[in-house]
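One structure is given below, encoded as structure tokens.
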Amino acid sequence: MDIRHLKYFESVVRHKNFSKAAEELHVSQPSLSNTIKSLEKELGCKLLERTTREVGLTESGAVFYQHVLGILSQFEHVQKEMKEVKYTGAGTLKIGIIESSKYWIPKIIIKIRNKYPNVHIKIKEMIGMRDIEEALNRHDVHLSIAPQKIEHSHLKFIPIYNEEYVLVTPQNHPFCHLKSINLSGLENENLILSQPGYPSYQKITEACRTAGFDPKSTYEVERLEMACSLAEAGLGVSILPENYLKYSSLSGINILKLTNPTPNRMVYMAYHSNRYLPPVVQDAMSYIIHFFKRDNEA
């Protein structure tokens, strides 16, 4: 059994037809049939059953097919990665980021470039957990920052920091003389929120209800940058992750701590456990973990 045999089998199953598969693979139909028979003999079970109209999977064939898909996908990713190493020398580091990490991730990249000056770094912005899951499964990124973790057999999530959500107001807001405020004090404020379905939207609305009110909102935005712009213009107040603001140079806004309750979240670093992670990726992961460990200890 070799990779070519697995490709032949996958093509027959996908087309449900030997003739079409043989045409796609540029082999003769008898040669293709002999390859499948050889596979069945080697495995000791029947993989395909032929009818007058099409070719289908047996129960054993269905199990084998799922493994074949995984092997072929992994093989494709290996080929892709080796090409990257060939053409970029030290290889490529592909990182997925969420918007709240945009101001601190450059600090990590500086450390990476100091050790790997020839590495090619690709930054891919992620909008939600579906983007992150798909990018990791397709090997579009080596690792990704994630605003939450999900249950997945091959995706691993490492907690890197816990952060509070803070209140952002324009500088001339009545709250500007305060350093903190009870969440219940926002009951009559126009909140600039992320869109429903985003993890932060759920976190904030749940916290407001715990404080005894339903949040009042005129604006729903996709990006934190827009929330800050609207708040700076005096169109409302917003509740944003503290590390987005801590490492930024944003001006024209005022930041207050929220209490009773204080919304917070854990942020993770995610990677695919079945993928080979070269030294540059492992070092990048280590830099991220130690950056926030050191920051929390300071």
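In the working numbering, the protein residues as written are 101 to 398. Positions of the beta carbon are idealized from the N, C-alpha and C atoms, including for glycine. In this text the structure is predicted, and so the values were computed from the model without any measurement.
| query | In angstroms, rounded to a whole number, what distance separates the CA positions of ILE227 and GLU199? | reply | 8 Å
| query | When DSSP labels each residue in this structure, what does VAL241 get in the three-state scheme? | reply | coil
| By the 10 Å Cβ neighbour count, where 16 or more other Cβ atoms means buried, how is THR188 classified, buried or exposed? | Reliability fails at THR188, whose pLDDT of 49 lies under 50, so the model's placement of it is uncertain and no value is given.
| Going by alpha carbons, who is nearest to SER338 out of LEU350, VAL266 and GLU322? | The option with the nearest alpha carbon to SER338 is VAL266.
| query | Which of the three DSSP states, helix, strand or coil, is assigned to VAL178? | reply | helix
| message | Tell me the rounded alpha-carbon separation between ASN272 and ASN343. | response | The alpha-carbon atoms of ASN272 and ASN343 are separated by roughly 23 Å.
| request: Give every residue of the same chain whose Cβ lies closer than 6 Å to the Cβ of ALA246, excluding the five residues on either side of it in the sequence, and list them in chain order. | output: Taken in chain order, the residues that qualify are ILE232, TYR368 and ALA370.
| field | HIS365 - containing beta strand (DSSP E), residue span | value | Per the sequence shown, the amino acid found at residue 365 is Arg instead of His. Per DSSP, ARG365 is one residue of the beta strand (DSSP E) stretching across 364 to 372.
| said: Could you compute how far the alpha carbon of LYS303 sits from the alpha carbon of VAL321? | reply: 15 Å
| request: Using alpha carbons as the reference points, say which of ASN214, HIS254 and LEU356 lies closest to LYS279. | output: LEU356
| request: Could you tell me which of ALA327, THR305, GLY196 and GLY161 sits nearest to LEU143, measuring between CA atoms? | output: Among ALA327, THR305, GLY196 and GLY161, the Cα nearest to that of LEU143 is on GLY161.
| request: For ASN354, count neighbouring C-beta atoms within 10 Å of its own C-beta (all shown protein chains included) and say buried if the count is 16 or more, exposed if not. | output: buried
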